[in-house]
Each structure stands twice: as structure tokens, then as C-alpha cells.
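In order, the protein sequence lines correspond to chains W and U.
For the first sequence, this note's numbering assigns the number 564 to the last residue and increments by one with no breaks.
For the second sequence, this note's numbering assigns the number 1128 to the last residue and increments by one with no breaks.
Notes to accompany the following structure.
Number of protein chains: 2
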Amino acid sequence: MAEIKVAVAQLNPTVGDLVGNRAAIVEAMAQAKHANCDLIVFPELVITGYPPEDLLNKEGFVAQAASVLDEIAAMTSEMCVILGAVVSADRAGLSLAGARDARESGMAKPAALANVAAVLRHGRVEQLIAKQLLPNYAVFDEQRWFVPGEDHGSLIDLKGHHVGVVVCEDLWSADGPAKQLQALGAEVMVSINASPFARGQQQRREDIARARLGQGSCVMVYVNQVGGQDELVFDGGSFVMDGTGIVTARAKLFEPDLVTVVIDDDLAVEADEAIEAMGDLASIYQALVLGTRDYMTKNGFRDALVGLSGGVDSAIVSVIAADAIGADHVRCIAMPSRYSSDHSLSDAQELATRLGVILETIGIEPAHTAYESMLGSALGQAPTGLTEENLQSRLRGVLLMGISNATGAMVLTTGNKSEMATGYSTLYGDSAGGYAVIKDVPKTLVYELCHYRNQLAIARGERAPIPENILTKAPSAELRPDQRDEDSLPAYEILDPILAGYIEEDLTAEELIAQGHDPQIVARVCRLVDIAEYKRRQMPPGPRITAKAFGKDRRMPITNGFRG
Amino acid sequence: MAEIKVAVAQLNPTVGDLVGNRAAIVEAMAQAKHANCDLIVFPELVITGYPPEDLLNKEGFVAQAASVLDEIAAMTSEMCVILGAVVSADRAGLSLAGARDARESGMAKPAALANVAAVLRHGRVEQLIAKQLLPNYAVFDEQRWFVPGEDHGSLIDLKGHHVGVVVCEDLWSADGPAKQLQALGAEVMVSINASPFARGQQQRREDIARARLGQGSCVMVYVNQVGGQDELVFDGGSFVMDGTGIVTARAKLFEPDLVTVVIDDDLAVEADEAIEAMGDLASIYQALVLGTRDYMTKNGFRDALVGLSGGVDSAIVSVIAADAIGADHVRCIAMPSRYSSDHSLSDAQELATRLGVILETIGIEPAHTAYESMLGSALGQAPTGLTEENLQSRLRGVLLMGISNATGAMVLTTGNKSEMATGYSTLYGDSAGGYAVIKDVPKTLVYELCHYRNQLAIARGERAPIPENILTKAPSAELRPDQRDEDSLPAYEILDPILAGYIEEDLTAEELIAQGHDPQIVARVCRLVDIAEYKRRQMPPGPRITAKAFGKDRRMPITNGFRG
């Protein structure tokens, strides 16, 4: 036995980009080889990026991904490489008993694939260990494509040390592969993951790793993907935990990283000091920044457009955008209507000045007037009430989308989760755009994030970006005279806990009332959430930060007769 | 042994509407009892409607649905009732080995439920038979909520006849429960289903029933749900097949129905003459009509708005709308721009006259002019090119949505599948609305449906609704002078087969070229499909009629680096 040096490669792959992902893997391998590592570990499905979704239904895609695996294997020599890949279930040695002949059913052919940890060494694929527990809940659909693995694979001999490998979810089962591998004598447990961010998730990962190691002396090497992918943000936070449950090394959060550790003969871990875990608000803020940056850059956008209302939502979105892609790539537009207050413009201007972004002002009155006559002919009168409110919001959407079309900048929408939930937004109006930066952030948390970001600036000796007046005035959509959000919705301090219970915890109205919430408010809020499903179905994607986001995390029928 | 009388209750439940669905079940039971039936069978998950999706994650919903089951059971006496229901996996006697403690993972708790056929008799639940094969492909997510059944249940004794029961997918496996129940001596096989429509699906169902019966003398009683549910249309078409493989009774297609048959001592089936199967175009057309009607009525809408361009897409949509909800509930709006041709207005007027729907004309020039100056200030010049084209489309969207807001009518969008696929549409413009009636209908099929509907009218002695000129002129969006679709897209006769291969068959560009398609056209079309994913994500739902529709049937990443 001898000490072994391990590289933890926390990459930011792009889903489907087999060429780019291969290049990033090969580069990390070169770095690890240069550092005389004995082992390098990569995240789950790193060749395809996670989640590749229905790209996996394309046989041609899977074949190309498998070729990349073989090409990488051919490059290996002494240093062992463990990475996540997709191969046919057949190649992974899995039986297909019970797999349906889908052609017969007239449906698209389902894939029979395996989500594997591939062990590469000496120019070949030494072992394929298929994931056994395939998550098929929340944002995950793995049983759509993958056949479950049937055993935990063999221990890998690395200079006399026994190394076991588990794929993501397989770590979470108390009696699963991780336990079995330890019983066989694993001294190092490699856990490859694509684990998305949510509040508190990093702590849960480290807790579960500690629980799985139990009282043994096994070292855990946990590698996670980093980066934004549509609705998901992967926060990285890869770590190495020694047999006593202490995190001895931790990769950066929300950034690619390559960390090396040395595991000595008696399984002590030598590493540079572990980066500290990140606080709750800081991690949420960074998730929003990374989600926005990656959605834009991976889709080829350099510039963002934000409609600045002078309110708190568009304020935090423009600050996040500036942090994500640079203030010089953010263009803000104020679009006052006949009902806009003076302070909405002055607050927007003050914010833009502090942020160092362009602010242009384009009033919507000419279009508003035009539509009064155009709609007047169809309605017999000029639009009033909700029709006029939605109209103004849509006229702004048309303006932003026009500038977007002409300049190639992506419109970032500014609706928060409380609004998405209750339908307090206008379809094709304020919800129009490419990415909905705070769609999973409840309004009360929006305020917390604003204060967090201001304090961060002050701590850095910078000026707080968000003017105090934006944080203290009463929220208003300003779509009619003297309008306030609280005319239409309960106060956000009352609303947000009800929404969290109804959405994130799937409680019924009855259960919420039993918890002590006001029965009438609960009934109204639940009804609002239910009937706004059709709006949410047409919203842009945005980063998930809570235990349950709108989107593929919550698949509610639009047509839904349940009241409760 | 004696003859037995069986009622096949093809209901149209509404997802989540436990009260309404219970009432429909109880009414059908009363009818069957009045007709002296020995057995009545209902579709899969009829109490909740199919698919209840993440309503199943609400414990309170599942508990209420289980209460409805018990209430219905309490009403039974001699007549046996077989219906689809959801109960806890525990109640269905299923083991939960391997079920993850989801709280630990920080994710929403996944349900541990069973999708059962409940056998009710003598005031109680006699047997719960859990579905074993849980489809988790295409539009199905059943492994998200359900634990698989472990055995096929016991045969039911009905006046000395042995009756076996299978739930939907369990019929499709050659070695599955259907075979095992026959080996035990089943003489009548009850198959309860929620099988959505797609082209050719009814034939596949009858073929598979015939294949499962094999050479035996077993009678198949196949009951299916009918009705529209968001993206899905259930076509009904319940049938009874005798031991020789002949369909002796068939329920109506696209309508609720209650059919009774008598199975005599030697398993001969007596029934009224079976309704004929429906042709391909007729069934597609009816699926679109039912999908539209149910989406509107189940969501509380009585009236529809359609923007009439004088083109073939808005023509077929307005005809479908009139067939779905009545011409007097359809309001059509022509919204000419400075680039509209004379014939677009005259063709629209001719169509409206033939259909008997209101047509109003509201030009968008005032808004167009207003935005030229508003956008001009931001862009340094009046909008041109794609920006001006999209602008016009969005100005129409704003107009229709304004009328919708003021009148409560639902906007039906008119984009076809060829346009959805290639992104030949404007986000928040022509794609703005509540239901996208022909989003799964390729352009070439739109023409076929127009001809079908015209011929149907002529066969009925009515005037063909769609004027010849609409069917013969070259397709154009009319967003710039002399524009034609074929300036931007390949001819639809060339485009549609490529799209079918790329989307419905998941072929790669390489594979399509190998089939003989033009390499440059293939490369361009595949690229167009890939980069339009972000638009499709924000489109309204519409009825699925092909083997793979956009929506939950095809879950492609937006951020996607794969080119192939």
C-alpha cells in the first residue's frame, strides 16, 4: 500500500455538447496527470451533461456519447479515471426482462440505457457500474430512459487501496450500494453526482455522506457538477470527507474547480484548507447569478434587457444580471404609463446610476392611446379595469421584445414566485422574456436578497446598489391610480407562508387552515394558485432554488376540478 | 353457470373533480342496475380522471379520492363494479422496500401509491388489483407516483364465470398478467384503460387485445376513458371482443357511451351491431374538436376568439371551434396590417359567412405607427426585417388578448406543427392564446383536414365551409411585401417528412440524410427545430394526435449543445 493522490474534477458541462465536454474532461485529465494523481473523478453523466433529457431518446446521440467514452478510455494509462456516462443497458450487462416492445404500443420507443460510472484505466473501459436507484420524482425523470443497475460493481485496486464507486442517488439509500461496498472492504468511496442546488442542499449532502460512512474509516470523495441548465442550477461543492466525518477538502461553490487530495496509508486525508460552506442567502444569490449567466452564455446571448419599474423585483433582477454578465452588458428600459408615479422613474434612475447600467426611458402612452381606439371599436368602449392593466403590461412586453429582436439582447423577466403562484402577472406582458430570474423567489425573500446584496457591497467598501426608497415603499404594479399589491393580495408576510405550504409541502387548504392560517385567505390563495396554472405553463424558465419550483418540479394539470 | 350481462361505461371524467366524477359513476351504475347488468366496468383512475399528475403528491387529495372509492363500494350490492382508483400502496398490500426517505434528500416527498382496479360488490371493496407495468415514457410519468403491483389478483366469480382484470399497460406485455390470468382459467378479461388518442391507436388496441386472447375462448371487455385533458385527448372506442377475435360491440368514439353486452354460457357475445371504426382523417378531426371543446368547457370558457388571416391555419381552427362549441360562440377578428393583401380580407370574410361566425376587422396600423416612433427612439431607426415582422404579430396578440380579457372569450391560436417545429411563429404574437388547436398537425395534414371537412359538408348536403381560394393560394405570413412561407422554409411537402423523422422518430440529421433527404435542407431544418425549443416552452397546450407531440411527450433541453 502507498499513499494515493486524487483529483476531484468539478466541471461545468453543457448538455448535449459532446465535443466541448470531451475537451473539458481531457484538459482536467492532463492537469491531474501533471500533478501525478493516481485517480481523477468526474460528475455523473459528465460526457452528456446533466440532465440530457430526451436527447437520450435519439439513438444517434447515445452512440456518439458512447464513442466519446471510448475515446477517453483510449487515452488513459496508469491514472485511473472515473466518470459518469450513458451506455446501452446491454453494454452495461443489464437484463431487459420486462422491457416493453414500445413499437407495438404505437408510442415512441423508450430507451433502454444505463446511467453508469465508467472506470477507465490502461487504455480501456475497465468497469461499468450502473446506477441502481433512478430518481423519478421532483425534477427527475430517470426511469424514463434508464434501466436500473443490478449490482454495486467490484472494488477497484489503487496501489493496494480498495475503491468503491456509487452513482448519485445510490448513496442516499441506507441499505444501498454504499453500505454493501463498505462491507466488502471499500476504503475510499467515490460518489459521482449531478445534484442540483436548493436551499440547504449542501448541508444535506454532507450529512448523508457522514451517515453512510458510519463508524468506519472509509474516505468519501464526493464530486458534483456545477453550472446552470435551464431550470436547474448545479452548485458544485464537491468535497472529500475523512473517515471521522470531517470535510477535509471542499471545492468552490458555483464555479468549476479541480481539487487534489492525498490519502495516505492509514487513510488520513491531506489537503489544502477546505473552503467554508456558504450561507443561505449568499448561496441563493449565487445560484441566481450562475443560473442567469449560464442560461445566457450557453445559449449564445451576451446582453440582457430589463424593464425597470422602480420596484424591488426589477431592481434585484438588474443587479443579478450585472453580477452575472457585467453591467456594461445590461440595458435597462423604464416604460412609464399615464399611471406611473414620479418616484418610479427617479428610483429606477438612481438604481441604474449606482449599478452603472444604461437606462433609457420610453413612455408607452402613444401605444396606449392607439389601443384605446383599436380596442374601443371591438368593445364598444375604451378598455378599463383588468383589461387596461394587462394592456399596459403587454405594451411594455412588445417594446422590450422589439428591442430584443433588433439588438439580440435577452429580456430577463422580473416576476417573483409569489406573483407566479397567484397569477399576479400579465401573460405576454411582464412575463414576456427569455429567462425568469426570480420566478422561484418569494417576495419576502426578494427583500432579504436585496438587503443581503446591499450589505455585501458595503462590506466590500462599495456603495449599496439598491436605493433605500425601493426597499421601503409599498409594492405596486402602478397599472391604475394609487394601486398597491395589497389591494389584490394578502400582505406578503401572510401570503408567502401559505404559498410555501400549498406548493412546496403539497398541503391542502384544509390542512393549512388547521395550521392556523385564516380560512378565507387560504381559500382565496389556493384558488388563485390553481387557476393560474395556465399562465405558469407559458412562463420562461428560471432557476430553481426552493424545495419545489414551478416547472418540471410541479406537474399540475391545467384542467383541474379539485378544490382543496 | 348462466349468461352474464356486462355494462361498459365509457365516461368523460374531469381530472381532480372528485364530486363530478363520483356523480357520473353513480349515474352509470344506476343505469346498469336498471338494465339488470351483472357487471359494470369503468376506465382506469376514473375517480380522479386521468392523468391526475402531481395532484397525487397531495396526501389530502389522495385521501379524498380513497373516500370516494369507499362511498361507491358502500352503494354496491349484487352487481359487481370494476373501476380504476388510486389508493396508498400500503392499502393495496404492496411492499415499500427500497422506497427512499425523501425528506432526508430535501426533495418533495414522493407518493407511494398504487394505480388499482377496484372490484366492488356487496357493499365492500372485494379486491384491489394494482397495475404492474407503469408506463414512464412518452406522455406518461406513472413511476413518479405509483409503486408497481406484484400479482395479477384473483379471478372473480360471476355466476360461475371466471373474470380476470388487468389495468391498461398490463395488457400490452405478452407474458404479463393477461396471459397469467388466462392460464388460471379466465373466461372474461376486463381491461380498464386511460389510453390517449394518436393516429392509428384504435387499431393497435384491438390488435393487441386479439394477440393477448391468443387461440383461447376468452372474451375481452376493453373500457377506455373519453375526453380532452390538457394535451391529451382520450378517444373512447371501448369494445368487447369475443374469443374468436371479432369485435362484437364498440362504444362511440369521442363521446361518452354506455354499452351493454350479454355473454352466454358458452362465451358467445350478444350485442347490438358494433359501431364501425373511424377513418384516419375523421378521427384526427374529431380529436381536435373534442380536445378544444373539453379544454374550453372544463376550464369554464363558453366563447372563443380566433384571429382570421385568410390563410388555411386560421380557417381550419375557426371551423374546428365552430364544430366544438357552436358557431355562435366563435368570434373572429381580422387584423390587417399595411402589408396585408386584399384577398386575405375577402377570403376571411367568405369563410366567416359560410361558417356563420362574427367577423370584425380591426386594422393594426395605429399601433404599428405608434411603435415605429417608440422603438425608433431606442433603436435609432424604425424597426425593419424580423423585428418589424414580429412586431406586427405581437400587436395582433395584444389586440386579441385585450378582447379576451374584456369579454372572457378564450383566444385559440392557429400555429401548426410545422411552424411550431421550425420556430416560424412569433412568441407573444400569433402564439399567444389559451389553446393551440393544431399545434400537433403538420401543415400538409392541415390541408388534408380542410379537404376532409369540406367533403364531409358536401356529403351532408351542406356548403363546404372553407373557400377554395384559401386552399389554393401560396401560404404567406404577410408580414412584409410579397412574403411567402417558402422564402423562409422548404416547401411543406419536403419539410414535413424531415420533421416527422427528426421529431417523431428521433432520427439524427445524419440518419435523415442517409434516408435520401437533401443534406443542406436537413441540416437547416434540424438546426431550426433545436433553436426553437425556447419558443415551444412558452406555447399554450394543444391536442396530441401524432406519435410524438411537443409538450410533455418530447422533453428536450432548451440549453442544448448537440448538433446532430
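Glycine residues also receive a C-beta, built at the ideal position from the N, C-alpha and C atoms.
For residue i and residue j, which I take to be in contact (beta-carbon distance under 8 Å), what is that distance rounded to the nearest angstrom?
| i | j | result |
| --- | --- | --- |
| residue 982/U | residue 852/U | Rounded, the Cβ-Cβ distance is 16 Å, inconsistent with contact. |
| residue 856/U | residue 888/U | 4 Å |
| residue 44/W | residue 168/W | 5 Å |
| residue 303/W | residue 436/W | No, residue 303/W and residue 436/W are not in contact; Cβ-Cβ is about 18 Å, not under 8 Å. |
| residue 55/W | residue 20/W | Not quite, the Cβ-Cβ distance comes to about 15 Å (not below 8 Å), so this is no contact. |
| residue 265/W | residue 3/W | 6 Å |
| residue 678/U | residue 656/U | 4 Å |
| residue 367/W | residue 934/U | 4 Å |
| residue 713/U | residue 691/U | With a Cβ gap of about 12 Å, residue 713/U and residue 691/U do not count as contacting. |
Near residue i, what residues of its chain come up, given a Cβ to Cβ distance below 6 Å and the 5 sequence neighbours on each side ignored?
| i | result |
| --- | --- |
| residue 946/U | 936 and 940 |
| residue 400/W | 305, 307 and 411 |
| residue 664/U | In this predicted model, residue 664/U has a pLDDT of only 48, less than 50, meaning its place in the structure is not dependable enough to derive any value. |
| residue 416/W | 313, 438, 441, 443 and 446 |
| residue 246/W | none |
| residue 1118/U | 1112 |
| residue 340/W | 478 |
| residue 454/W | 464 and 466 |
| residue 13/W | 21, 46 and 49 |
| residue 98/W | Confidence at residue 98/W is low in this model, with a pLDDT of 48, below 50, so its placement is unreliable and no value can be given for it. |
| residue 573/U | 592, 604, 606 and 822 |
For residue i, which residues does DSSP report across the bridge?
| i | result |
| --- | --- |
| residue 755/U | 730/U and 786/U |
| residue 824/U | 571/U |
| residue 652/U | 677/U |
| residue 684/U | 645/U and 689/U |
| residue 207/W | Answer by DSSP bridge pairing: none, since residue 207/W is not bridged. |
| residue 448/W | Residue 448/W is not bridged to any residue. |
| residue 537/U | What is shown of chain U runs 565 to 1128, which leaves residue 537/U out entirely. |
| residue 797/U | 792/U |
| residue 157/W | 162/W |
| residue 413/W | 436/W |
| residue 554/W | 551/W |
Under 9 Å between beta-carbons, which chain W residues line up against residue i? List them in chain order, please.
| i | result |
| --- | --- |
| residue 955/U | 398, 401, 402 and 405 |
Counting only the same chain and skipping the five closest in sequence on each side, list residues whose C-beta sits under 8 Å from that of residue i.
| i | result |
| --- | --- |
| residue 1123/U | none |
| residue 1016/U | 845, 846 and 849 |
| residue 6/W | 37, 38, 39, 40, 41, 188, 221, 240, 260, 261, 262 and 263 |
| residue 897/U | 869, 870, 871, 872, 923, 924, 925, 926, 963, 964 and 967 |
| residue 544/W | 139, 196, 197, 198, 231, 232, 233, 440, 551 and 553 |
Report the neighbours of residue i on chain U: residues whose CB is nearer than 9 Å to its CB, in chain order.
| i | result |
| --- | --- |
| residue 254/W | The contacting residues do not exist; residue 254/W stays about 17 Å from chain U at best. |
| residue 20/W | 1125 |
At a CB-CB cut-off below 8 Å, which residues of chain U make contact with residue i?
| i | result |
| --- | --- |
| residue 432/W | 991 and 992 |
| residue 370/W | 930, 931, 933 and 934 |
| residue 424/W | Neighbours of residue 424/W on chain U: none; closest Cβ ~15 Å, over 8 Å. |
Applying a beta-carbon distance threshold of less than 7 Å, which residues of chain U neighbour residue i?
| i | result |
| --- | --- |
| residue 360/W | 942 |
| residue 354/W | Those do not exist, as residue 354/W stays about 22 Å from chain U at its closest Cβ, beyond 7 Å. |
| residue 534/W | 998 |
Just to make sure I have the definition right: I need the residues of chain W whose C-beta is within less than 7 Å of the C-beta of residue i. Which are they?
| i | result |
| --- | --- |
| residue 569/U | Within chain W, no residue comes near residue 569/U; the closest Cβ sits about 31 Å away, beyond 7 Å. |
Below 8 Å on C-beta distance, what does residue i contact in chain W?
| i | result |
| --- | --- |
| residue 1120/U | 53, 54 and 55 |
| residue 863/U | 534, 558 and 559 |
Review point. Per the contact definition of three or more C-beta pairs closer than 8 Å, is the stretch 630–649 of chain U in contact with the stretch 533–542 of chain W?
Key: no
Check your understanding: Should the stretch 816–828 of chain U be called in touch with the stretch 622–641 of chain U, which here means at least 3 C-beta pairs below 8 Å?
Key -> no
Exercise for review: Report yes or no: do three or more beta-carbon pairs, one from the stretch 382–391 of chain W and one from the stretch 492–509 of chain W, lie closer than 8 Å?
Suggested key: no
Check your understanding: Any contact of the stretch 192–204 of chain W with the stretch 513–521 of chain W, i.e. 3+ C-beta pairs under 8 Å?
Key -> Here the stretch 192–204 of chain W does not lie against the stretch 513–521 of chain W, with fewer than 3 beta-carbon pairs under 8 Å apart.
Exercise for review: Inspect the CB distances between the stretch 151–161 of chain W and the stretch 56–72 of chain W and report whether three or more fall short of 8 Å.
Suggested key: no
Review point. Does the count of Cβ pairs from the stretch 1106–1124 of chain U and the stretch 225–240 of chain W closer than 8 Å reach three?
Key: yes
Practice item. Inspect the CB distances between the stretch 316–332 of chain W and the stretch 345–360 of chain W and report whether three or more fall short of 8 Å. Key: yes
Point to revise | Any 3 or more C-beta pairs closer than 8 Å across the stretch 1026–1039 of chain U and the stretch 952–968 of chain U | key: Output reads no: the stretch 952–968 of chain U does not touch the stretch 1026–1039 of chain U.
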